[in-house]
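Undergrad: Going by this note's numbering, the sequence shown opens with residue 18, and the numbers climb by one from there.
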Amino acid sequence: MREFSVPPVATIGDAATLTDPVWDNAEVAPDAVQFDRRTPAGWQEVSCAEFKDQVVALARGLVAAGIEPGDRVGLMCKTRYEWTLIDYAIWACGGVSVPIYETSSAEQVEWILSDSGAVACFVETDAHRAVVPAELTVWSIDPGLDELTGGDADIDERRRTRRADDIATIIYTSGTTGRPKGCVLTHRNMLCDIANAVPGLPNLFREGASTMLFLPLAHSFARLIQVGVVQTRTRMAHTADVKNLVEDLQAFRPTFVLSVPRVFEKVYNGARQRAHADGKGAIFDRAERVAVAYSEAERPGIALRLQHRLFDRLVYSRLRAALGGRCTAAISGGAPLGVRLAHFFRGIGLTVFEGYGLTETSPAVAVNLENHIRIGTVGRPLPGVTVRVADDGEILIKGDLVFQGYWNNPEATAAALDSDGWFHSGDLGELDQEGYLRITGRKKEIIVTAGGKNVAPAVLEDRLRAHPLVSQCMVVGDRKPFIAVLVTIDEEAWPTWLSTHDRPVGTPVSALRDDEALHAEIQAAVDEANKAVSKAEAIKAFRVLPGDFTEANGLLTPSLKVKRNLVLKEYADEIAAIYRG
18 MREFSVPPVA TIGDAATLTD PVWDNAEVAP DAVQFDRRTP AGWQEVSCAE
68 FKDQVVALAR GLVAAGIEPG DRVGLMCKTR YEWTLIDYAI WACGGVSVPI
118 YETSSAEQVE WILSDSGAVA CFVETDAHRA VVPAELTVWS IDPGLDELTG
168 GDADIDERRR TRRADDIATI IYTSGTTGRP KGCVLTHRNM LCDIANAVPG
218 LPNLFREGAS TMLFLPLAHS FARLIQVGVV QTRTRMAHTA DVKNLVEDLQ
268 AFRPTFVLSV PRVFEKVYNG ARQRAHADGK GAIFDRAERV AVAYSEAERP
318 GIALRLQHRL FDRLVYSRLR AALGGRCTAA ISGGAPLGVR LAHFFRGIGL
368 TVFEGYGLTE TSPAVAVNLE NHIRIGTVGR PLPGVTVRVA DDGEILIKGD
418 LVFQGYWNNP EATAAALDSD GWFHSGDLGE LDQEGYLRIT GRKKEIIVTA
468 GGKNVAPAVL EDRLRAHPLV SQCMVVGDRK PFIAVLVTID EEAWPTWLST
518 HDRPVGTPVS ALRDDEALHA EIQAAVDEAN KAVSKAEAIK AFRVLPGDFT
568 EANGLLTPSL KVKRNLVLKE YADEIAAIYR G
């Protein structure tokens with residue numbers, strides 16, 4: 018067993034709540050721009066004073082509509098300015114916000130609203146309204162929130178009725194198995210997390226810095242960034258239009274972004290494919306090697322510095338321009354980022370601060386901070402956090418950021434929180450001598466082969482997904498004689514592969530699943546992944562599937578995690594065929 022603890026750099030007073038920074042900002046820097054709001058006429062600046070006034074107006078409307086302190090209010094909406102405004106208005110009137118992914122099914126929506134005991138719900142579309150139980154009060158965000166901006170309630174007085182240990186939000190885990198569980202987070206939980214994180218990222222969270230948020234705000238990762246932005250008066254814009262994300266980034270020009278590893282993989286793979294398609298593949302490949310070497314070198318020599326300067330003009334500057342030209346940093350979480358990819362991005366001038374956390378931990382537990390980066394790890398525990406790796410490899414967490422338990426679910430709470438206050442994460446990891454944490458897999462996902470070998474799928478899957486042609490993959494082999502993998506093909510990379518291999522344009526993956534050239538390419542990716550494990554853990558066979566895992570077909574969660582139990586069920590025949598062969 019190994020344990021590492023970092024003393025807190027910030028403590029939270031008993032009277033503190035998440036709305037305090039909104040009021041403080043309006044008093045200290047009323048004219049500072051806090052948000053850029055998308056409107057039909059274009060982007061509109063929202064100052065700190067304007068944001069507070071809008072929060073107060075909406076909170077008064079909620080009080081007038083009968084929302085009492087402690088009432089749960091659902092919020093089902095894509096990432097946009099109104100999401101943040103509503104969240105803070107719910108907190109300001111003393112309510113508890115209950116985020117719902119806007120892609121959730123009718124059954125999920127009904128469960129979350131009924132289990133949480135919500136009395137009302139904000140929705141964005143008529144389709145959302147249709148799945149909200151009829152007995153609830155429903156407010157539509159579009160065409161506007163004017164119907165709710167009224168009343169004369171004293172919001173300052175209402176705010177003061179809430180305390181740090183009161184519930185701020187109930188976030189339902191997206192759930193790779195079973196029904197979502199509601200994670201109960203207090204104002205103290207979330208304030209403690211962000212207050213101890215931002216001092217270690219002073220160049221990201223500060224006045225003059227900016228970010229564009231495009232991940233779902235129903236996810237705790239994006240929510241924490243929202244709180245950090247308001248806490249530090251960092252400027253922020255919202256967008257949910259991923260198809261036009263590059264154009265939005267180039268227009269807004271953020272100084273940092275928040276994303277998940279899959280997005281970084283697609284950025285890299287897309288740039289590499291375009292370079293090769295334009296006949297500049299050799300230049301890009303050389304530029305990649307130089308970027309990785311430059312990042313890996315503690316003190317780059319003259320020759321490496323000169324090469325780096327050359328490729329910065331030819332390649333790296335163009336990659337940075339795709340993010341608006343001012344972006345020098347990114348925060349990544351949700352899954353491990355490959356070591357080579359992390360070095361590549363740092364080498365081109367975009368440092369990726371990889372972190373780790375769970376909804377139950379508000380969510381950030383460990384992060385690579387500006388003066389403490391070790392690529393290949395998720396950093397050291399944040400100040401105020403203690404991380405322990407148990408004898409079986411499970412990561413245990415203690416600190417004020419740990420949630421209060423699962424709403425209406427004492428059995429699940431007892432299984433996750435022990436009597437000493439340790440949260441049992443279900444993740445497997447390793448702590449080095451200096452406290453840097455490395456995630457090695459999920460306890461429940463460990464595969465035990467027929468020969469008794471324990472295999473962590475994440476190691477193989479992360480490396481396999483690094484190949485530009487691979488979209489998703491899932492390692493199988495529990496109680497089987499060997500390890501195999503199901504592979505899906507990236508729909509954006511597929512047209513390029515068809516043209517470069519003289520296959521008819523528009524041919525679906527399902528028609529070429531047994532294509533010799535396609536198998537050779539996937540086999541090469543498998544061989545590369547196998548380099549990370551022993552022979553007994555290596556992938557011996559694979560199947561190319563006819564379609565991808567998506568949120569729409571129910572095989573991915575909104576945070577892009579594979580629902581393994583459903584994939585096993587959906588593709589049971591494919592898996593059986595592997596082992597019959």
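Idealized CB from N, CA, C, for every residue including glycine.
All values reported here derive from a predicted model rather than from experimental measurement.
Between Leu92 and Phe52, what straight-line distance do the alpha-carbon atoms span, to the nearest angstrom?
TA: 20 Å
Undergrad: For Ala308, does the count of other Cβ atoms within 10 angstroms reach 16, so buried, or fall short, so exposed?
TA: buried
Undergrad: With three or more C-beta pairs closer than 8 Å as the rule, is the segment 252-267 touching the segment 386-403?
TA: no
Undergrad: What residue from Val406, Ile187, Val72, Phe566 has the CA that sits closest to Ile506's CA?
TA: Phe566
Undergrad: For Lys578 and Asp169, I'd like the C-alpha separation in whole angstroms.
TA: 45 Å
Undergrad: Terminal residues of the continuous beta strand (DSSP E) containing Cys200?
TA: Where Cys200 is concerned, the enclosing beta strand (DSSP E) stretches over 199-203.
Undergrad: Exposed or buried, what is Glu315 when buried is set at 16 or more other beta-carbons lying within 10 Å of its beta-carbon?
TA: exposed
Undergrad: In the DSSP assignment, the beta strand (DSSP E) including Glu20 goes from what residue to what residue?
TA: 19-22
Undergrad: Taking the alpha-carbon positions, what's the Val140 to Ala569 distance?
TA: 20 Å
Undergrad: Rounded to whole angstroms, what's the CA-CA distance from Asp435 to Glu545? Just pull it up for me.
TA: Looking at the two C-alpha atoms, the distance is approximately 40 Å.
Undergrad: Once you ignore the five residues that flank Phe362 on each side, which residues in its own chain have a CB closer than 6 Å to its CB?
TA: Val369
Undergrad: Beta-carbon within less than 6 Å of Gln61's beta-carbon, same chain only, minus the 5 sequence neighbours each way: which residues are those?
TA: Arg54
Undergrad: How big is the Cα-Cα spacing for Leu323 and Asp329?
TA: Straight across, the Cα-Cα distance linking Leu323 with Asp329 is about 10 Å.
Undergrad: Give, in chain order, every unbroken run of the beta strand (DSSP E) that is at least 3 residues long and sits entirely within the segment 272-360.
TA: 273-276, 346-349
Undergrad: In three-state terms, what does DSSP make of Asn261?
TA: It is helical.
Undergrad: Considering only residues of the same chain and omitting the five flanking positions on each side of Ala76, which have a CB-CB separation below 6 Å?
TA: Ala106, Ala109, Cys110, Ile172
Undergrad: Can you tell me which of Ala589, Thr34, Asp409, Asp210 puts its alpha carbon nearest to the alpha carbon of Arg19?
TA: Asp409
Undergrad: Could you pull the DSSP bridge partners for Glu447 from this structure?
TA: Arg455
Undergrad: Judging by CA-CA distance, which residue of Leu572, Gly452, Gly374, Leu481 is the nearest neighbour of Leu583?
TA: Leu572
Undergrad: Can you pull the DSSP bridge partners for Ile184?
TA: For Ile184, DSSP records a beta bridge to Thr203.
Undergrad: Which residue spans inside the segment 68-114 form an unbroken beta strand (DSSP E) run of at least 3?
TA: 89-93
Undergrad: Given that a residue counts as buried once 16 or more other Cβ atoms are within 10 Å of its Cβ, and exposed if not, what is Ala473?
TA: buried
Undergrad: How big is the Cα-Cα spacing for Glu44 and Ala66?
TA: C-alpha separation (whole angstroms): 8 Å.
Undergrad: Considering only the alpha carbon of each residue, which of Gly364, Ser349, Leu367, Leu413 lies closest to Thr394?
TA: Ser349
Undergrad: Looking at the secondary structure, which residues open and close the alpha helix (DSSP H) in which Gly217 lies?
TA: Note, Gly217: premise wrong, no alpha helix (DSSP H); not H, not E.
Undergrad: If Trp40 and Lys69 are in contact, beta carbons under 8 Å, what's the gap, nearest whole angstrom?
TA: Yes, they are in contact, since the Cβ atoms of Trp40 and Lys69 sit about 6 Å apart, within 8 Å.
Undergrad: Under the rule that 16 or more other beta-carbon atoms within 10 Å means buried, what is Ser121, buried or exposed?
TA: By the 10 Å Cβ count, Ser121 comes out buried.
Undergrad: I need the DSSP call for Lys470, collapsed to helix, strand or coil.
TA: Here DSSP, grouped into helix, strand and coil, assigns Lys470 to coil.
Undergrad: Can you give me the start and stop residues for the beta strand (DSSP E) that Ile412 sits inside?
TA: 411-415
Undergrad: Leaving out five residues before and five after Lys557 in sequence, what residues of the same chain have Cβ atoms less than 7 Å from its Cβ?
TA: Phe499, Ile500, Ala501
Undergrad: What did DSSP end up calling Ala147 once you bin it into helix, strand or coil?
TA: Look at Ala147 here: in three-state DSSP terms it is helix.
Undergrad: Assuming Arg205 and Asp417 are in contact, meaning their beta carbons sit under 8 Å apart, how far apart are those beta carbons, in whole angstroms?
TA: 6 Å
Undergrad: By Cβ distance below 6 Å, which residues in the same chain neighbour Ala429 in space, the five residues on each side in sequence not counted?
TA: Cβ within range, chain order: Lys198, Tyr423.
Undergrad: Going by C-alpha to C-alpha distance, which of Thr403, Arg289, Ala214, Asn426 sits closest to Lys415?
TA: Thr403
Undergrad: Provide the residue span of the alpha helix (DSSP H) that contains Val246, from first to last.
TA: 237-249
Undergrad: Ile29: which of Thr345, Ile211, Ile84, Ser114 sits nearest, CA to CA?
TA: Among Thr345, Ile211, Ile84, Ser114, the Cα nearest to that of Ile29 belongs to Ile211.
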